[in-house]
Structures are given as C-alpha cells and as structure tokens.
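K.L.:
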Amino acid sequence: MTTQETQAPTSSGCPFTGRQKVALEETSLTDPIIQANPRDFYWTMRTEDPVHYDEKLGMWLVTRYDDIVKVLREPLLFSDKQGYEAQYASGFFEEFKQILESQGGGYFPDVIKSDPPEHTRIRKLMDGAFSAHRVKTLEPGITRIIADLVDQIADKADKGEVIDGVREFAIPLTISVICEQLGIDQFNGEKISRWSEAITAQIGRMQNREEMVENAKEICDLQNFITEQMQDREVDPKEDMISDLVHAELDDGSKLTFGEAVSLVRALIIAGNDTTATAITNLLLILATQPELAQELYDNVEDDKYLNRFVEELLRFAPPVRGLAKMATEDTELGGQQLPKGAHLLVMYASGNDDEEKFECPRQFDMGRKNLGSHVAFGVGVHRCIGASLARMEIKVAAKELIKKVHNIQLTVPVAELKYQKTVATHAIEALPITFTKR
Amino acid sequence: MSGVTITFVEPDGTEKIIEDAVVGESLMNVAKDNGVEGIWGDCGGGCACGTCHVYVDEKWQDVVGKPDDIEEMTLDMVTEAQQDNSRLCCQIQVSPELDGVRLTVVPAE
Ligand code: HEM
Ligand code: FES
Chain S
1 MTTQETQAPT SSGCPFTGRQ KVALEETSLT DPIIQANPRD FYWTMRTEDP VHYDEKLGMW
61 LVTRYDDIVK VLREPLLFSD KQGYEAQYAS GFFEEFKQIL ESQGGGYFPD VIKSDPPEHT
121 RIRKLMDGAF SAHRVKTLEP GITRIIADLV DQIADKADKG EVIDGVREFA IPLTISVICE
181 QLGIDQFNGE KISRWSEAIT AQIGRMQNRE EMVENAKEIC DLQNFITEQM QDREVDPKED
241 MISDLVHAEL DDGSKLTFGE AVSLVRALII AGNDTTATAI TNLLLILATQ PELAQELYDN
301 VEDDKYLNRF VEELLRFAPP VRGLAKMATE DTELGGQQLP KGAHLLVMYA SGNDDEEKFE
361 CPRQFDMGRK NLGSHVAFGV GVHRCIGASL ARMEIKVAAK ELIKKVHNIQ LTVPVAELKY
421 QKTVATHAIE ALPITFTKR
Chain A
1 MSGVTITFVE PDGTEKIIED AVVGESLMNV AKDNGVEGIW GDCGGGCACG TCHVYVDEKW
61 QDVVGKPDDI EEMTLDMVTE AQQDNSRLCC QIQVSPELDG VRLTVVPAE
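Taken in sequence, the protein lines are chains S and A.
Under UniProt numbering, the letters of the first sequence match residues 1 to 439, in that order.
Under UniProt numbering, the letters of the second sequence match residues 1 to 109, in that order.
Next comes the structure, spelled out in structure tokens:
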C-alpha cells in the first residue's frame, strides 16, 4: 500500500525523503520557487525555527503539527476574525471596500469568520446541512454529475485530445455540485470560477492593485447575483439551502441580517470550489504519476473503506489549503517563540501534514498509516471545515468514476513545469494537461 | 421527567457524572455542555471529525448499539485508537435505557 515520491535514500529510517535545507533569512513563502515547491522550506522551518517570521509577508508561519493544533484549539487567544480581517484585501482594503459599497450592494464581512460565541451561533445553523449522513443521501446525484463529466472528457481524450484536468474536470465538477446544493439551477460555470478566484485572492496576499480592482468587480458581480437569488427565495421559498438561510431562525430566536445571509451564501458558493477542485486535480496528478497506485485503486474500486482511506491520505499527502491567518489577542508564547499581542500568524496546514514528528515517512503515500485521520487539511477546532463530508464524497466519487472508465492517465508536461496559483492561502495547480484512454 | 445519568471517564481518569441529561440530546452535546475534557465535537455532530470518540463500557455495549456504516467509516480514520467498543458519541441520543451508562473519552490528535 505504499509508493514513493522521490528516490533519494536518506539516513532517517524512511526509505525516501529527499529533503534539502533552505536559507530561511533569504526566503519568503511568496517567492515563486517556494510557491511551487514549498516542502523543503516547511521542513527547514520545522527543524530550525518552527514559528518563523516571514519578513516579506509580515507574518509568523506556524509550521509544526503540535503548534498548529494548539493555535486552532484556542480560538480566543488566536482570533480567526482578527487574523482574517488583517489578511483580507491586504494593502488595499479601503479601496476594495469602496468598490464593493458602490457597485456590489455593500461590504459584507464574513460572519462565519468570527470568534466564539458569535461564531458558535452561526455555525450551529450550518453544521446539519453538511453532516456525513446528509451527504450520503446526495451520493446518487453527485455520482450522476461526475459520471457525465467523466464521459465527456473520456470521449474527448479517446480522440487523442489533451484534457485540462483543472478547467475541464475538477472545476466544473465542484461548481455543479455546490450549485445543485444551493438550488442554483441556471449558472455560468466560468463566471463562478472567476468569482472563486477573486475571493481566494483576497486572502492570498499576492494580488497587485490592478488585480485587486479586477477582483473587487468580480466580487460585486457575485454579490449582485446572490442578492437576486435571495430576493427570489424571499417571495418564493424553495427546498434549497439559499431558502434555508434566507428564512433561518437562530437558536436565540433571532434571524440573520441581510448582510450576514449574503456572506454565508457567498462562503458556501466559494469555500468549497477551489479547494475541492484542487484535491481532485491532485488526484489526477497522483494517478498520472504513480501508475501502480492507479492500478491498486482500480483493483479496490468497489471497496468503500479502501476509497475512504485513499481520499484521506490524498488530503494529507497533498493538502489544498496551505495557510490561513489567525491573530494573537494577547502576548503569548508558541513553540518557544514569544509573540506580541497582534502578531499575525499563518497556520501552515500543509506543513503540519508533512511533519515527520507526527506522520511517519510523510512523503510516502501510505493509506495504511494508523493516524490517517489526524491530518489537518480541513483544520481543527471550532473552524474545522464545514464541507469536509461533501468534499470527501466528491473526491471519492471522482476517483471511483474515473478509474472505472479510463486508464493510462498521463501528464503531457514534466511535473516540474506545472504552474501554481499565486497565493499563500492554497497550493493549487493552474492547469493539468493529461491524456488517457477509455477502458 | 427526571434526567438520565451518564458517566464520562476523562482522559486523566477523572469520572464526570452527569445526572440531568435530557432525553433526545446527543451525548456529544451533553459532554460539551458539561465541560467533559477531551470531547471537542468540532463538526457539531456531523459524524465527520472523530473528535467525540468514546469507548463504551462492556456491559453497556448491547444497550448502546453498534455504529452504522457511515460512523464506521469515520471511526476507521482514527484507527490508532479504534476498538470494538468505539463509538462517536454525537451519534448516540440520550434515552431512558441509557440511565447509568459509562463511557471513556478517547482524546483526538
Ligand atoms: C478538499 C476540500 C476542502 C478543503 C481542503 C477545505 C479546507 C478548509 C480549511 C483548512 C478550513 C479552515 C479551518 C480553520 O480555520 O482552521 C475550512 C473552513 C471552511 N470550509 Fe472548507 N475545505 C474544503 C471543502 C469545502 C467545501 C466543499 C465547503 C462547502 C460546502 C467548505 C466550506 C467551508 C466553510 C464555510 C469554512 C469556514 C468554517 C468556519 O470558519 O467555521 N469547504 N475549510
Ligand atoms: S462531533 Fe464530529 S464526529 Fe462527532
């Protein structure tokens, strides 16, 4: 059940790691080379300076598994709200806000990115909709969407055409699934994809001013779309999640304000798209680069337990979310590092999943590992991903439908030439050119 | 109607006896409302996070029952600690039959 990524023997007891030290003082997470290949940087920080100050970013990078969990388990000491606000549209916030107010109906802060007890009140409203049991009932519908998409790309690939796994499979897949959930039956997938990227860019720290203006306009467009959808449900409630949010009553009997509801619908449209699409892209990449694993997956395709473990190890091995922000609300200490009140932290989930102190031989794809479910790809604590069950289901069904119908998946460019989205928040491949044949 | 009595054994061995658990509540909520150590309930009872893991005392196993397939899958992710008597307590509702049940908290991470 194990396969290796690189072939360099080391002395650590793991057959393969191939780690190389990076000069920390000269390096930033924003460097293009690090953006594409961050693992040596993470590893050097974990060994030399586990809570490392990245000068260029002006943020403390939290890299060790144990420290990450500690931060996420103390939501009042390490505020999600303050961390997120300081990250959002960083450098251009006032101008960004003005654009939204003048053209997008208003600036609506994300209520889900708040701290307890406010957060608890909102979160309770959302949890039920994405429980594992509810998501299980969605499996047939999700399978139908994915099987159709697989058929489409399989026909194309069978004619010898190159497929972009990102734009032609992963992104349309996740967008169709979430729109069905929200009850949006008429949608323009390309627009939604642009909206997702525009939102993600606000916490990515790597947009310039021109890009910010472009992105702000996309977000206005998104908000205007959401407002229309909500107004439609105001007068004509339907059996869908937008209606649920528009008409929701909270535990204390209060209702969501208009702005709160917009921010929640926006979060649901966006939060699961790029992230889940990235996981599915990583699935394609691993099937293309580890043919023996692809064969093993095929041999076990009817074994649900196998598939679940496969998905979980994929998320540990190649986590879509790289780092999200939190802020210290008091002077404190973390991993031997003194942090002042107001210290802006970037929680490096991707580094936690690669921590050899927690995961034995982390660079091996090993779905037999005992602590498989301890990975932090979905976070930990009160902000742990709401959509985890939905994402797992989408990735599982994608793996299943693909491997049943196609084989010989091959990348048409060297792995080293793959381009990644410019952002500190996620680690997302921009395009994945592949070929394959029908079984 | 009087409450149901539930005992949680916390990771450090402390017994927390809760005497007023309300029928219909999930045991995860009961534990959180009473500050039981080691029950986080991150996913709010969605059977998705495994941070509400308990071992059911042997003599109570039949009364409490077995996990369903979905819970079984989530438990499979915490294999390090999974046992025959493992349950995710967000999936167990308080009922009069559970009066006196004893559960040992299994810490996550
Ligand atoms: C593989 C796919 C996904 C990954 C890797 C992922 C990852 C994450 C992470 C790391 C967090 C933040 C945890 C923290 O603050 O520490 C998060 C939060 C969140 N995710 Fe996901 N996610 C995925 C899919 C989804 C989907 C499909 C949805 C929507 C249905 C979704 C909705 C959300 C929301 C609303 C939050 C905010 C929760 C809160 O702050 O309480 N995610 N996700
Ligand atoms: S609370 Fe998440 S599985 Fe029980």
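Heads up, the beta-carbon is just placed ideally off N, CA and C, and yes, glycines get one too.
DSSP three-state label for Pro433 (chain S), please.
P.N.:
strand
K.L.:
Which residue marks the beginning of the alpha helix (DSSP H) containing Ser351 (chain S), and which one marks its end?
P.N.:
349–352
K.L.:
Please check if any C-beta of chain A sits within less than 8 Å of the C-beta of His119 (chain S).
P.N.:
no
K.L.:
What residues in its chain sit with their C-beta under 8 Å from that of Gln223 (chain S), if we drop five residues either side in the sequence?
P.N.:
Leu100, Gly104, Gly105, Gly106, Phe108, Val262, Arg266
K.L.:
Compile a chain-ordered list of the residues in the stretch 70–100 of chain A whose CB is closer than 7 Å to at least one CB of chain S.
P.N.:
Correct list: Ile70, Met73, Thr74, Asp76, Met77, Val78, Thr79, Glu80.
K.L.:
Our contact map puts Ile145 (chain S) next to Val177 (chain S) with C-beta atoms below 8 Å; I'd like the distance itself, whole angstroms only.
P.N.:
6 Å
K.L.:
Specify the secondary structure class of Thr3 (chain S) as computed by DSSP and reduced to three states.
P.N.:
Here the model assigns Thr3 (chain S) a pLDDT of 42, short of 50, so the residue's position is not dependable, and the following value carries that caveat. Thr3 (chain S) falls in the strand class under three-state DSSP.
K.L.:
Look at Met393 (chain S) and Ile142 (chain S) and say whether their C-beta atoms are less than 8 Å apart.
P.N.:
yes
K.L.:
Do Lys326 (chain S) and Val69 (chain S) have their beta-carbon atoms positioned less than 8 Å apart in this structure?
P.N.:
no
K.L.:
Got a sec? Which residues, its chain only, sit under 6 Å from Phe310 (chain S) by beta carbon, not counting five neighbours each side?
P.N.:
Met367
K.L.:
So, for Val150 (chain S): in the same chain, excluding its five sequence neighbours on each side, which residues have a beta-carbon less than 6 Å away from its beta-carbon?
P.N.:
Result list for Val150 (chain S): Glu401, Leu402, Lys405, in chain order.
K.L.:
In or out: Ala157 (chain S) buried (at least 16 other Cβ within 10 Å) or exposed?
P.N.:
buried
K.L.:
Would you say Asn371 (chain S) reaches chain A, if we count a Cβ-Cβ gap shorter than 8 Å as a contact?
P.N.:
yes
K.L.:
Heavy atom of the ligand HEM less than 7 Å from the Cβ of Pro320 (chain S), yes or no?
P.N.:
In this structure, Pro320 (chain S) has its CB closer than 7 Å to one or more heavy atoms of the ligand HEM.
K.L.:
Give every residue of the same chain whose Cβ lies closer than 8 Å to the Cβ of Leu293 (chain S), excluding the five residues on either side of it in the sequence, and list them in chain order.
P.N.:
Thr3, Ile286, Leu287, Phe365
K.L.:
Kindly indicate if chain S contains any beta-carbon less than 8 Å away from that of Ala31 (chain A).
P.N.:
Output row for Ala31 (chain A): interface = no.
K.L.:
Can you name the start and end residues of the beta strand (DSSP E) that Val22 (chain S) belongs to?
P.N.:
Note, Val22 (chain S): premise wrong, no beta strand (DSSP E); not H, not E.
K.L.:
Figure out for me which residue from S:Glu430, S:Gln290, S:Ala425, S:Ala391 has the closest Cα to the Cα of residue 445 (chain S).
P.N.:
This structure cannot settle anything about residue 445 (chain S), because the visible part of chain S is limited to 1 through 439.
K.L.:
For the beta strand (DSSP E) that contains Ala325 (chain S), what are its first and last residues?
P.N.:
323–328
K.L.:
Only counting the same chain, and skipping five residues up and downstream in sequence, which positions put a Cβ closer than 7 Å to that of Leu46 (chain S)?
P.N.:
Here residue 46 (chain S) is Arg; the residue named in the question, Leu, does not match the sequence. Result list for Arg46 (chain S): Thr63, Arg64, Ser351, Asp355, in chain order.
K.L.:
Closest to Gly91 (chain S) by C-alpha separation, out of S:Asp148, S:Glu249, S:Ile203, would be which residue?
P.N.:
S:Ile203
K.L.:
Looking at the ligand FES, does it come within less than 7 Å of Leu27 (chain A), judged from the CB to the closest heavy atom?
P.N.:
Answer for Leu27 (chain A): no, Cβ out of range of the ligand FES.
K.L.:
Return yes when at least one heavy atom of the ligand FES lies under 7 Å from the C-beta of Thr51 (chain A), else no.
P.N.:
yes
K.L.:
Verify whether the separation of the beta carbon atoms of Arg369 (chain S) and Phe378 (chain S) is less than 8 Å.
P.N.:
no
K.L.:
Between the C-alpha atoms of Leu29 (chain S) and Val162 (chain S), what's the straight-line distance to the nearest angstrom?
P.N.:
Straight-line Cα distance between these residues: approximately 32 Å.
K.L.:
Pull up the distance between the alpha-carbon of Val9 (chain A) and that of Asp20 (chain A), whole angstroms please.
P.N.:
17 Å
K.L.:
Can at least three beta-carbon pairs, one atom from the stretch 331–345 of chain S and one from the stretch 304–318 of chain S, be found at a separation below 8 Å?
P.N.:
no
K.L.:
As an exercise, report each continuous alpha helix (DSSP H) stretch of at least 4 residues that is fully enclosed by the UniProt domain "2Fe-2S ferredoxin-type" (4–109) of chain A, in chain order.
P.N.:
27–33, 61–64, 69–76
K.L.:
What do you get for Thr276 (chain S), buried or exposed, if any count of 16 or more other CB atoms within 10 angstroms of its CB means buried?
P.N.:
buried
K.L.:
Do Met348 (chain S) and Leu61 (chain S) count as a contact pair if the criterion is CB distance below 8 Å?
P.N.:
yes
K.L.:
Among the residues of its own chain, which have a CB less than 8 Å from the CB of Val94 (chain A), if the five just before and after it don't count?
P.N.:
Val4, Ile6, Ala21, Val22, Val23, Gly24, Glu25, Ser26, Leu27, Val30
K.L.:
Alpha helix (DSSP H) containing Ile175 (chain S): first to last residue?
P.N.:
Counting along the chain, the alpha helix (DSSP H) containing Ile175 (chain S) begins and ends at 171–182.
K.L.:
Check this for me: beta carbons of Leu24 (chain S) and His52 (chain S), under 8 Å apart or not?
P.N.:
yes
K.L.:
Verify the CB distance criterion: does Asn408 (chain S) have a CB-CB separation below 8 Å to chain A?
P.N.:
no
K.L.:
For Met1 (chain S), which residues of its own chain have a beta-carbon under 8 Å away from its beta-carbon, when the five flanking residues on both sides are left out?
P.N.:
Its pLDDT being 39, under 50, Met1 (chain S) is placed unreliably by the model, and nothing is read from it.
K.L.:
Looking at C-alpha atoms only, which residue of S:Ala170, S:Cys220, S:Thr412, S:Asn208 is the closest neighbour of Gly160 (chain S)?
P.N.:
The residue with the shortest Cα to Cα distance from Gly160 (chain S) is S:Thr412.
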